[in-house]
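First residue of the sequence shown? That's 3 in our numbering, and the numbers climb one at a time after it. Yeah, the Cβ is synthetic: ideal placement off N, Cα and C, and Gly gets one too.
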Amino acid sequence: MALPSLRHLELYVYDFVIPSPPTHLPILLPNILHLRVKCNYDESPHNVLSCIQAENLVALSLSMLTDGESIALNGHFPSLQHLLLANAAHSAAHLVAFARSFPSIGRLTFAPGKNDDRLSLHNLNQTLGIIIRGAGDDDTAESNAHSALLWSKLQSIALPTSTDQFSVTELESTKGQLQVAGHPIRKLLLPQKVHSAMVEIGEVIEIGEYYVDWPTTFEQ
3 MALPSLRHLE
13 LYVYDFVIPS
23 PPTHLPILLP
33 NILHLRVKCN
43 YDESPHNVLS
53 CIQAENLVAL
63 SLSMLTDGES
73 IALNGHFPSL
83 QHLLLANAAH
93 SAAHLVAFAR
103 SFPSIGRLTF
113 APGKNDDRLS
123 LHNLNQTLGI
133 IIRGAGDDDT
143 AESNAHSALL
153 WSKLQSIALP
163 TSTDQFSVTE
173 LESTKGQLQV
183 AGHPIRKLLL
193 PQKVHSAMVE
203 IGEVIEIGEY
213 YVDWPTTFEQ
């Protein structure tokens, strides 16, 4: 199936079963630029994404209502630059899985989600630590310091963190690790209320106002 004129697509997936060969044909979206996939509780975005080929897709938004232990994604998006996660990364292992699935993105956005109050990935220092060190089998970044750098082209992170979710002292250490690792992150988009605590960090990494950069084509 091909939809050559489609530029923006948003899917709410309740149940999706991949047909068995030879009836399994790819969904061709050659000109789509923005794709949002929101999955129901028992559904993974893997099934849908594995069927889609979108060579010009630049932004992908994923939202999942489940906090299942495993995430395996196989998308055909060679031009992808921006990954937006809304309630989709519940652990360090999840974030590593996204990094392995979409290694060449330049922008990463965490959108406010249903269970933000329990998502440790909204801890800025931990998120940066995972990007630097990866994650080990016990789901922590610290246990696997030898892991390869994640998202080697990532330049910008937007994170709806709060003042009680990060330590400036720890961030100073993480900032140094980013520099030593040669990571290209140069901008953090954070809520205005934390900017005053980020003055020294801002000397090395640009601090901007947090926002979710996504077209409001179907705004309700």
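Express the C-alpha separation of residue j and residue i in angstroms, rounding to a whole number.
{"i": "ARG188", "j": "ILE203", "result": "11 Å"}
{"i": "VAL214", "j": "PRO193", "result": "11 Å"}
{"i": "ASN89", "j": "GLN181", "result": "29 Å"}
{"i": "PRO186", "j": "SER154", "result": "7 Å"}
{"i": "SER46", "j": "ILE107", "result": "21 Å"}
{"i": "THR176", "j": "GLU211", "result": "21 Å"}
{"i": "ASP139", "j": "SER7", "result": "Residue placement at ASP139 is poorly supported in this model, since its pLDDT is 45, which falls under 50; the coordinates still yield a value, given next. Looking at the two C-alpha atoms, the distance is approximately 44 Å."}
{"i": "VAL15", "j": "VAL201", "result": "42 Å"}
{"i": "THR218", "j": "LEU97", "result": "26 Å"}
{"i": "LEU30", "j": "HIS78", "result": "10 Å"}
{"i": "ASN42", "j": "ILE20", "result": "16 Å"}
{"i": "HIS10", "j": "SER198", "result": "37 Å"}
{"i": "PRO32", "j": "ARG38", "result": "16 Å"}
{"i": "LEU87", "j": "SER52", "result": "18 Å"}
{"i": "ILE133", "j": "PRO162", "result": "17 Å"}
{"i": "PHE1", "j": "LEU27", "result": "Because the chain is modelled from 3 through 222, residue 1 falls outside the range shown and cannot be assessed."}
{"i": "ASP17", "j": "ALA95", "result": "25 Å"}
{"i": "GLU208", "j": "GLU172", "result": "18 Å"}
Determine which residues share a DSSP beta bridge with residue i and list them.
{"i": "LEU85", "result": "LEU62, LEU110"}
{"i": "LEU37", "result": "LEU11, LEU62"}
{"i": "LEU191", "result": "ALA160, GLY210"}
{"i": "GLN55", "result": "LEU30, HIS78"}
So what does DSSP say about residue i, is it helix, strand or coil?
{"i": "SER158", "result": "strand"}
{"i": "ILE29", "result": "strand"}
{"i": "HIS185", "result": "coil"}
{"i": "HIS96", "result": "helix"}
{"i": "THR142", "result": "Reliability fails at THR142, whose pLDDT of 45 lies under 50, so the model's placement of it is uncertain and the value that follows must be treated cautiously. Residue state, collapsed to three classes: coil."}
{"i": "LEU152", "result": "coil"}
{"i": "VAL201", "result": "coil"}
{"i": "GLU45", "result": "coil"}
{"i": "SER103", "result": "helix"}
{"i": "LEU5", "result": "coil"}
{"i": "THR218", "result": "coil"}
{"i": "ASN127", "result": "helix"}
{"i": "ASP17", "result": "coil"}
{"i": "SER169", "result": "coil"}
{"i": "GLY178", "result": "helix"}
Would a check of beta-carbon distances place residue i closer than 7 Å to chain C?
{"i": "GLU57", "result": "Included in the structure is just one protein chain, with no chain C present."}
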